[in-house]
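Residue numbers (my numbering), protein chains in the order written: chain A, 1 to 463; chain B, 464 to 690. Positions of the beta carbon are idealized from the N, C-alpha and C atoms, including for glycine.
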Amino acid sequence: MSFDPTSPEPPRARGPSAFLRLAAIYVAAFAVSGVLFVAGAVHLVSSKNLERTQALILADREAVLDKIDGGSPELRFGKAMAIVLARGARPDDGRVYRLERGGMVAAGDIPAKAVLTARDGGWLTIRGLEGGRARGLALRESLGGGATLLIGRAYEDELQTELVSTAAAALALAALAALLVGPWASGQILKRVQAVNEACDRVRAGDFSARAPGAEARDEFGALAGHVNAMLERIDGLVVGLRDVSNRIAHDLRTPMARLRSDLEAARDAKDLKEARRLTSVAIAETDEILETFSALLDIAEAEAGADAGLEALMLDDAAEAAVDLYQAVADDAGVRLVFEREPCPILGERSLVIRLAANLIDNAIKFSPRGGTVQVRVEQADGWARLTVEDQGPGVPEAEREQVWRRFTRGRDVGSTPGHGLGLALVAAVAKRHGARIELEDARPGLRMRVRFPAFAPTPGM
Amino acid sequence: MRVLLLEDDDDAAERVIQAISGAGGQVDRHARGEDALKAAAAEAYDVLILDRMVEGLDGLTTLKRLRAMDVQTPALFLSNLGQSRSRVEGLDAGGDDYLAKPFDNEELLARVNALLRRSRREAHPDVIVLGDLEVRIKARTVHWRGAHVDLSPKEFEILKYLAENHDQIVSRQMIWNAVWPEYRIPPQINVIDVNLSRLRSKLEAAAGSPLVETVRKQGFVIRSDLA
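If you want it as structure tokens, here you go:
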């Protein structure tokens, strides 16, 4: 864990805002899909239009050929001429004709300068029609004797044009709305993200009480702020705990360290080798004690830092039984009766840690039990919890000191010569925390009742 | 005695080499797991001493690979102070013993010797006779000059371990590993001391003199010429 409040730059967004980028991508995607949609619609309309025009031309051709059918080519040419000329007197219904003979235009409303392009199925596309209509479609029919008749129709392009202009207007409106609302909406979002960033910066600057606002909101940003706050809460707890521990370590190790130092000095200045050896041995023993304390502290840190992934299904009563077995001889030696009652209680845990937790509680209870007293160890199910209770008949702990018990280096006031480094119950607290277990102290009148409630684990069938 | 040492820290390696060669052993030291793996697979060593954290392949993986290759050389793990969890991992990986740094040279030698004796002992004897003391392994009974000495199961286990390693100093940690192997938690000193002191007083009551000697700061020893 490295924490350096003096490092120069707090992390900042160094490129364009992610929200603006997302908004731009969204607008672009919207525009592209809009254009594609309009293009599709135009294509559909124009192909329907084409089909309709073709059907009309075919019907018209049927009627025209019917009228000029039979007789000599000359006669047919005459009839056709009559139809084409009569056409000029009729209202504009889109129909267009051209009668040709020997490559010359004889009559009709398709101008000689109009461009005819052949397309599939004998159809001709006409460009350059007169009367405002730009385009048309026609079929060429041979009348014999070098005469041909073009039967055609002008295209209706209005719907297409309207469609394109309406769509363009709609797209422009949408783009305008995006330009106006987008920055405002992303500004709102950015503001909330910024608030979280600011809280993190304040913590970074050393203000561990800073929290991100807006955690009460029920949306994703509320959840984000809530998560950040939970993390800051944990950091705050760790920092305070760490400061607390370092103070205590400094305080508690100063004495043995000072003693170690003076013994080493005495060994250096010793008159004879034998005395120097003796003092060195004493110094080594003191070093061992200090190492043991360190080791216990590191164990606590390890238990606290463990990941949930290491937990496995185990029986709390089995772990407690192992601890009871382990301490049976110690209890016998202290003249204390060790009573164990159990009920099958599956939990999720790390076996060696749970055994240590139970062992430390039992060890503690035996230590403070009067000769002839009883230590009761009980494992039972209670309202969705697996509960381990260790009860002694010792002097108990005064109400005011109960919170203190779980802290590192805490030792009862009247322990006198009872051995211990004051870390046993701190390890219990650390292990409990890692298992999501609750610890409670109660007055057992007389004596102390210590309870650890683990969340009960219900194995899924078939596991 | 040929020892393979996997240790990347020069000072720590020097200490181990001094301790082992001081006792007439020969140490091949490797700083990388891969090299140690190759050497241990190719040659017959009596004991492997493996540091957990080294460059390349770590000690744990090295031993796992060796055990997978059916190399059954006894292995002792070295690790840094206060890593209870790594102790369990070490034993799970096929390690036979576990020693936390910093350690006494005597403790290291005692551990290595115990591993050697364990691997060299071909068959478990039915009875270990130490002068007038008879430890009947199969029957799990103890007799002093023919008279039965009543011991609890754990007291018997401790005596059995001391008897198997007679004339050798064993530490509390070694007793803990041998007698409470299933616990895999750091030694509970008062548990060891209570059981040990009860064993000693029972033996003393039977024999009239203390049979288990205390070696200051190092451990305990039982002599083979008890009378």
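Assign B/Thr677 to buried or exposed, taking buried as 16 or more other Cβ atoms, counted over all protein chains shown, within 10 Å of its Cβ.
It is exposed - the Cβ of B/Thr677 has fewer than 16 other Cβ atoms within 10 Å.
In angstroms with no decimal places, state the Cα-to-Cα distance between B/Lys665 and B/His629.
19 Å
Is the shortest distance between the beta-carbon of A/Ala267 and the beta-carbons of chain B less than 8 Å?
no
Beta-carbon spacing of A/Ala178, A/Val27 below 8 Å:
Going by C-beta atoms, A/Ala178 is nearer than 8 Å to A/Val27.
For A/Leu326, count the other beta carbons within 10 Å of its own beta carbon; 16 or more makes it buried, fewer makes it exposed. Which is it?
buried
CA-CA distance, A/Gly34 and A/Ala170?
9 Å
When the cut-off is 8 Å and only beta carbons count, does A/Asp317 lie next to chain B?
no
Is it true that the CB of A/Leu137 sits closer than 8 Å to the CB of A/Thr125?
yes
Cβ-based contacts, 9 Å cut-off: residues of the stretch 602-621 of chain B near chain A
Ser615, Lys617 and Glu618
Expressed to the nearest angstrom, what Euclidean distance is found between the alpha-carbon atoms of A/His43 and A/Arg87?
32 Å
Cβ-Cβ separation, A/Pro256 to A/Glu286 (assumed contact under 8 Å), whole Å
6 Å
For A/Gly447 versus A/Gly394, is the C-beta spacing smaller than 8 Å?
yes
From the beta carbon of A/Ser352, is the nearest beta carbon of chain B less than 8 Å away?
Taking a beta-carbon distance threshold of 8 Å, A/Ser352 counts as an interface residue toward chain B.
Excluding sequence positions up to five away, which residues of its chain have a Cβ less than 7 Å from the Cβ of B/Val642?
Exclusion of the five residues before and after B/Val642 leaves Lys617, Glu620, Ile621 and Tyr624 as the residues of its chain whose Cβ lies within less than 7 Å of its Cβ.
For B/Leu468 versus B/Ala476, is the C-beta distance shorter than 8 Å?
yes
Are the stretch 387-401 of chain A and the stretch 269-278 of chain A in contact at 8 Å, needing three or more beta carbon pairs?
Judged by Cβ distances under 8 Å, the stretch 387-401 of chain A makes no contact with the stretch 269-278 of chain A, as fewer than three pairs qualify.
Within a Cβ cutoff of 7 Å, which residues of the same chain sit near A/Asn229, ignoring the five residues on either side of it in sequence?
So the qualifying residues of the chain are Arg211, Ala212 and Ala215.
By how many angstroms is the C-alpha of A/Glu350 removed from the C-alpha of A/Leu311?
5 Å
Between A/Gly416 and chain B, is any beta-carbon pair separated by less than 8 Å?
Unreliable positioning characterises A/Gly416 in this predicted model, as indicated by a pLDDT of 44, which lies under 50. A coordinate reading is not provided.
Using the beta-carbon of each residue, which ones in chain A are nearer than 8 Å to B/Ile638?
Here the premise fails: no neighbours, minimum Cβ distance about 13 Å.
Of all Cβ atoms in chain B, is any one closer than 8 Å to the Cβ of A/Ala322?
yes
Between which two residues does the alpha helix (DSSP H) holding A/Pro183 run?
Where A/Pro183 is concerned, the enclosing alpha helix (DSSP H) stretches over Glu158 to Arg204.
Work out the CA separation of A/Ala296 and A/Glu265 for me, nearest whole Å.
So the alpha carbons of these two residues sit roughly 28 Å apart.
Using the beta-carbon count (16 or more within 10 Å), is B/Ile483 buried or exposed?
buried
In three-state terms, what does DSSP make of B/Thr536?
coil
Using a Cβ cut-off of 7 Å, pull out every chain B residue sitting near A/Pro281, in sequence order please.
Note that residue 281 of chain A is Ser in the sequence shown here, rather than Pro. Ordered by position in chain B, the residues that pass the 7 Å Cβ test against A/Ser281 are Lys680.
Quickly, what does DSSP pair B/Val510 with across the bridge? List them, please.
B/Val466
Which residues of chain A have a Cβ atom closer than 8 Å to the Cβ of B/Tyr646, listed in chain order?
Ala322, Leu326, Ser352 and Ile355
Which whole-angstrom value is the C-beta distance of A/Asp263 and A/Ala283, which I expect to be below 8 Å?
5 Å
Would DSSP call A/Ala107 helix, strand or coil?
strand
Strictly below 9 Å CB to CB, what residues from chain B border A/Ala329?
Ser615, Lys617, Glu618, Val654, Val657, Asn658 and Arg661
Do B/Asp473 and B/Glu518 count as a contact pair if the criterion is CB distance below 8 Å?
no
Contact residues within the stretch 363-386 of chain A, judged by C-beta distance below 8 Å to chain B:
For the stretch 363-386 of chain A, which is checked against every Cβ of chain B, the residues closer than 8 Å are Asp363.
Kindly indicate which residue of B/Leu541, B/Pro537 and B/Val598 has the alpha-carbon position closest to the one of B/Arg583.
It is B/Pro537 whose Cα lies nearest to the Cα of B/Arg583.
Hey, which unbroken runs of the alpha helix (DSSP H) at 4 residues or more fall wholly within the stretch 632-687 of chain B?
Annotation: the stretch 632-687 of chain B contains the following complete segments of the alpha helix (DSSP H) (minimum length 4 residues), in chain order: 635-642 and 652-670.
Completely contained alpha helix (DSSP H) runs for the stretch 237-309 of chain A, where each covers 4 or more residues
273-305
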